[in-house]
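To start, the structure itself, in structure tokens.
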Amino acid sequence: MPAARPTALARHRSATAARARRRASVRQPVEEIGRTITELLLQEIAHRGTARHHVVLPTSLIVRAST
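Residue numbers (numbering that gives the first Met the number 0): 0 to 66.
Encoded structure:
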């Protein structure tokens with residue numbers, strides 16, 4: 000039987016529950032995500048294009064006691 004490995008748990012967003020349980024979380028720029036997808040959708044409607052876009056937005060890891 001293999002030896003047990005340490006396990007870390009991180010939440011996908013910085014929710015109250017994550018803070019209360021002191022778990023690490025990933026903070027995403029929610030407003031920027033909404034703004035970007037709206038701009039891309041309006042561009043696609045205006046140009047009737049099917050071009051794909053690859054957009055990378057910054058995120059940050061909120062380190063707490065679980066890490």
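Beta carbons: idealized from backbone N, C-alpha and C, even for Gly.
Is the separation between the beta-carbon of residue i and that of residue j shorter than 9 Å?
i: Arg-21; j: Ala-64; result: yes
i: Gly-32; j: Leu-60; result: Before going further, note that residue 32 is Ile rather than Gly in the sequence given. Contact flag unset, no.
i: Thr-35; j: Val-54; result: yes
What is the residue span of the alpha helix (DSSP H) that residue i lies within?
i: Ala-64; result: Neither: Ala-64 is in no alpha helix (DSSP H) and is coded neither H nor E.
i: Ala-45; result: 29-46
Assuming residue i is part of the beta strand (DSSP E), what are its boundary residues?
i: Val-55; result: Element bounds for Val-55: n/a, residue is neither H nor E.
i: Ala-23; result: 23-26
Which residue's Cα is closest to the Cα of residue i: the options?
i: His-52; options: Leu-39, Ser-24, Thr-58 and Glu-30; result: Leu-39
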